[in-house]
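Visitor:
Residue numbers (the working numbering): 4 to 400.
(1) May I ask you to report which of helix, strand or coil DSSP gives residue 55?
(2) Would you please state the rounded distance, in angstroms, between the beta carbons of residue 215 and residue 72? I believe it to be under 8 Å.
(3) Measuring straight from C-alpha to C-alpha, what distance separates residue 202 and residue 49?
(4) According to DSSP, is residue 246 helix, strand or coil?
(5) Enumerate, from N- to C-terminal direction, the unbroken beta strand (DSSP E) stretches of 3 or more residues contained entirely within the segment 305 to 388.
(6) Smallest Cα separation from residue 397: which of 181, 43 and 113?
(7) What are the partner residues of residue 167, as DSSP defines its beta bridges?
(8) Of the choices 372, 366 and 302, whose alpha-carbon is the least far from that of residue 331?
(9) With distances taken from CA atoms, which of 242, 319 and 52 is nearest residue 81?
(10) Less than 6 Å between C-beta atoms, sequence neighbours within five positions excluded: which residues of the same chain meet that for residue 33?
(11) Can you tell which of 327, 237 and 140 has the C-alpha that lies nearest to the C-alpha of residue 315?
(12) Provide the residue span of the alpha helix (DSSP H) that contains residue 285, from first to last.
(13) If you compare alpha carbons, which of 259, 225, 301 and 166 is closest to residue 246?
(14) Does the count of Cβ pairs from the segment 277 to 295 and the segment 134 to 142 closer than 8 Å reach three?
(15) Can you check which of these residues, 363, 253, 374 and 19, is closest to residue 104 by C-alpha distance?
(16) The ligand HEM and residue 276: does any heavy atom of the ligand fall closer than 8 Å to the residue's C-beta?
(17) For the candidate residues 287, 68, 75 and 379, whose alpha-carbon lies nearest to that of residue 189?
Okay, structure coming up:
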């Protein structure tokens, strides 16, 4: 589909979703964003839904300003995926051992490694930049400095909620590895600190929604946020790289005879800020539940824990600020899903997938998400499909 324009206070709201199907609270969030004096564009992806701080599935382009609550508390959250040399014929009928080995290698939930993972000991993982990255922790907000030990031990861990590690098979039988995670607790605490700082600033007192408090260019508060934001985004990317290396090592051990090899890893943020140029203006583009989809750029759009995911290639649509959806998008809240579905429903909807099927993950049931095929179809002018993947193992926090 092409986008639909909905009038907004300062900019039109370009929607790759039917406005009539979007929850009223999400539409109000979008209208609120369009009132910001600094805004230069607002694009809405087909997985749009209400979110804390700002609407999930929105792309907010501002000049000289950035809203920390719109980025969200999981700074740099995103996806990584890699195609392996294995095929579905190499996989055993019982995948429970493989799932167990993955869970042993990668801490989930609030877990962390007993000691920091040494990148130099992981096969194939580039070691450049790690010392510089950690040295820059000295420059982040004092409010989180006491979390350094936890931050080092959570590097290479999954987290909970909708984060996952999967083993998937594509339409040609090739096995893929995929994972979804972000900046863990350190990103959350940095975000919360800066959201609080922004809300105190005088220029934010008249906003229609206090969650839309911004930092503006050429101020010490903006400089401090940008420093911490970009550090946390790098933490998230490196976190996924460690996990992917650990995951690859699990496959090498479990399939020694096959001598597994891997293609280049595809990786993309979907909660982040990027400096980009449109219509002759340097803008700060916040993608809250959206990936960059520049011409030829690879991206990952996951569905739910029972429906599968897509590897896509961007078409470079400037109307969307070169963006696409970050997933299927929820169609009901976590609490609503827990009330609506049972563990029996979860078992039925994840049949054929080796995964948790207990009450602790009912809120992640496929029925709580929009149909991924429809979401993909609504953005045919934003991305082209490279491969469709179906998970056979799904590890949740």
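Yeah, the Cβ is synthetic: ideal placement off N, Cα and C, and Gly gets one too.
Keep in mind that this is a model prediction, so the values were computed, not measured.
Guide: In short:
(1) coil
(2) 7 Å
(3) 30 Å
(4) helix
(5) 312 to 317 and 326 to 328
(6) 181
(7) 183 and 399
(8) 372
(9) 242
(10) 16 and 58
(11) 327
(12) Residue 285 -> not in any alpha helix (DSSP H); beta strand (DSSP E) instead, spanning 284 to 291.
(13) 166
(14) no
(15) 253
(16) Among the components modelled here there is no ligand, and therefore nothing to report on the ligand HEM.
(17) 75
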